[in-house]
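Structure, as C-alpha cells:
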Amino acid sequence: MRDGVVVFEGNKIVHVGKSYEGDTDDAIDARGQMVIPGFVDLHAHITQSPLSMGMKEDMPRHVAIPGSGTLSPNKWVPESWMPEVMARSSLYELLKSGVTTLVELGAPDWLGYKESVELLGESGMRAYISAGYRSANWVDGKLTHDNEMGYSQMENALGYVKDHEGSYCERIRFILYPRTADLASPELFRESVRVGDDLRLPIGTHVSQSIREVKIINEMYGMDPVTYLQSLGVLRPGTILGHTVFITSHSLIGRTEYAPELDLISRSGATVAHCPWVFARVGRALESFSKYRDRGVNIGLGTDIFPQDMLNEMRWGAVLSKVVDIDSVAGTAADLFNSATVNGANALGRWDLGRIEVGAKADLVFIDLGTIRMSPVRDPIRNLVYGATCQDVDRVIIDGRTVVEECMVLGMDERKIAEDLQRIGDHFIDAIPGRNKKGKTAEDISPLSFNMM
Ligand SMILES: [Zn+2]
Numbered sequence: 004m005r006d007g008v009v010v011f012e013g014n015k016i017v018h019v020g021k022s023y024e025g026d027t028d029d030a031i032d033a034r035g036q037m038v039i040p041g042f043v044d045l046h047a048h049i050t051q052s053p054l055s056m057g058m059k060e061d062m063p064r065h066v067a068i069p070g071s072g073t074l075s076p077n078k079w080v081p082e083s084w085m086p087e088v089m090a091r092s093s094l095y096e097l098l099k100s101g102v103t104t105l106v107e108l109g110a111p112d113w114l115g116y117k118e119s120v121e122l123l124g125e126s127g128m129r130a131y132i133s134a135g136y137r138s139a140n141w142v143d144g145k146l147t148h149d150n151e152m153g154y155s156q157m158e159n160a161l162g163y164v165k166d167h168e169g170s171y172c173e174r175i176r177f178i179l180y181p182r183t184a185d186l187a188s189p190e191l192f193r194e195s196v197r198v199g200d201d202l203r204l205p206i207g208t209h210v211s212q213s214i215r216e217v218k219i220i221n222e223m224y225g226m227d228p229v230t231y232l233q234s235l236g237v238l239r240p241g242t243i244l245g246h247t248v249f250i251t252s253h254s255l256i257g258r259t260e261y262a263p264e265l266d267l268i269s270r271s272g273a274t275v276a277h278c279p280w281v282f283a284r285v286g287r288a289l290e291s292f293s294k295y296r297d298r299g300v301n302i303g304l305g306t307d308i309f310p311q312d313m314l315n316e317m318r319w320g321a322v323l324s325k326v327v328d329i330d331s332v333a334g335t336a337a338d339l340f341n342s343a344t345v346n347g348a349n350a351l352g353r354w355d356l357g358r359i360e361v362g363a364k365a366d367l368v369f370i371d372l373g374t375i376r377m378s379p380v381r382d383p384i385r386n387l388v389y390g391a392t393c394q395d396v397d398r399v400i401i402d403g404r405t406v407v408e409e410c411m412v413l414g415m416d417e418r419k420i421a422e423d424l425q426r427i428g429d430h431f432i433d434a435i436p437g438r439n440k441k442g443k444t445a446e447d448i449s450p451l452s453f454n455m456m
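Counting from 4, one number per residue, gives the positions in the sequence shown under our numbering.
Listed below in C-alpha cells is the structure:
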C-alpha cells in the first residue's frame, strides 16, 4: 500500500488503511519509509557466534578449529561471560536486521535457562527458547543411544516451560529441541512428538544437514533422514526442520533425480528452516529453493550462526536459487520476503505474526527508502532483498514497543559489544595451542589471507 497508515494499540494492530480519522496518543512520521512486518528467524544459535570468524572461511571443510566444538561448551569456555557476549552481539545484529521473532536453539545449554529467558526477555525480542537434548554417544567409533541420558536432558529442557511459557508479556515461549536426526534416538523423537502435542510446543531439529548424517541414518535405519523422521511422526505442523539440504536428489547425494522427501514434508505441514549463508560459504546450497517451493514445501529462513543478519539471508537465498537453477526468475524477492515473514510465522502456528493486518501483533520494521542503496524506488521489496543493509533499518517495533530507533538498538552499546567480542576473540585464539595435542596455533590451522608484518 502506498501512503498507508498503520495504527496500533498496546501490542496489537487495530487499523491498516489509506487514512485514519480517529485520535491517537502518538504518531511516528514514516514518510519516505517502507513499513514491513518484522522478520521471523526460524533457526539461530545466538551463543555459538561468532568466535570462529576469520578462522573458518576459505578453509577445507574438514579442518577442525580446536575449541569451536559446539556440543561441549564447558570444555572450552572457562569464562562464564563468553557466551553472554556472543548472545548479546547476536541479539544486536538480529534486532538491527529487523528480526522480531527468534527461534533460538541451545542458548540455555551455554547461558543457563534463567539467564537465557532474562536476556531474551529484556532485549525486547519475541523468542522461542530451548535447551537441546540428545541420547547419542560415540562408543568405539559407533553411534550408540543412551535413552536415559536423553530423557533426563529432555526433562531438564522442559523444567522451565511450565513456569516461564508466556513470560515477558507472552513474548517468551518455548520449543522442543532434539538436536539432530542422528543424535536423538527414535524413542526420544517419539517422546518429543508426544510432549509437543501435549504441551502445544513446536519442535526444532537439524535434518539432512550433512552427508555424514545422511550416511549414519541410512546405515542405522535403512532410509534417508527425512523419511526416517516421518516414520516417527516427527513431520507435522509445528515441526521446523533445520537445513534439509542433502535430500536424495542433491548433487552430492545423487541417488535419485526425484526426491520423495519433498512430498513427505509438504504433505505433513512441517517447515524447512533454510539458512543459505552458512552453507554458501562452504560451497553448498539447497537444490533448490524454487524446487522445494514448487513441490509445496513451506520454507522459512534462519540465520544460524554469523552474521545474524536476515537481510543477508534473504539476498543469498534469492541469488543462490538463481545460481543453482541457472534461472534468473527462480527465488524472487517476493518468495524470499514471504519466507522471512509469513512462512516463518505460519511454521510456528502464529497467524498474528509476519503480516500487517488488524489483529496482528505490532511487530513492525521501518526501512529508510531515502538512502543511496534504496534509491530509486519502484519496487521497494526488490530493493530491500537485493540492496538493503542493516543501515537502512531505521526503526523496529516489537509488541508495540520501539527497540531500534534511528538505526540504533536501544539500551545496547554496539562499540562496547564489539570491544568485548575482540577481547574474547583474542582469548580464543591464544588458547588454541593448549586445546590440541600437537600444540598448533591458529595460524598453523588457518593461515592468514596475507602475512602480517
Ligand atoms: Zn543449527
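Glycine included, every Cβ here is placed at the ideal spot set by N, Cα and C.
- In terms of side-chain proximity, the C-beta atom of G245 is found nearer than 8 Å to a non-hydrogen atom of ligand 1.
- Annotation: the continuous beta strand (DSSP E) that includes D44 extends over 42-47.
- With contacts defined as CB atoms closer than 9 Å, T183 and E216 qualify as a contacting pair.
- It is roughly 14 Å from the alpha-carbon of R438 to the alpha-carbon of V66.
- Y261 counts as exposed, since fewer than 16 other C-beta atoms from the protein chains shown sit within 10 angstroms of its C-beta.
- In the DSSP assignment, P181 forms a beta bridge with Y136.
- Look at H65: its beta carbon is at least 8 Å from all of the heavy atoms in ligand 1.
- Per DSSP, reduced to three states, the secondary structure at M411 is strand.
- Of R5, I49, P53, the smallest CA-CA separation from I432 is found for P53.
- With distances taken between CA atoms, H253 lies nearest to P263 out of G245, M85, P263.
- Only residues of its own chain outside the window of five on either side were considered, and among them V120, G124 have a CB closer than 8 Å to the CB of S170, listed in chain order.
- Across the structure, V388 and T242 are spaced so that their CA atoms are roughly 27 Å apart.
- S211 and T247 do touch by the CB rule: their CB atoms are close to 5 Å apart, below 8 Å.
- The C-alpha of E173 is placed about 9 Å away from the C-alpha of A130.
- One alpha carbon belongs to I219, the other to S213, and they sit about 10 Å apart.
- The beta carbon of L94 sits closer than 6 Å to the beta carbons of S126 from its chain, once the five residues preceding and following it are set aside; these are given in chain order.
- Judged by the Cβ position, L108 qualifies as a neighbour of ligand 1 at the 8 Å threshold, a heavy atom of the ligand being closer than this.
- Boundaries of the alpha helix (DSSP H) harbouring A90: 85-99, taken from the DSSP string.
- The three-state secondary structure of M37, taken from DSSP, is strand.
- The shortest C-alpha to C-alpha distance from I370 to any of L413, A33, G25, D26 is the one to A33.
- For G305, the closest of P383, R398, F282, S155 by C-alpha to C-alpha distance is F282.
- Pairing A336 with M313 gives a Cβ-Cβ distance that is not under 9 Å.
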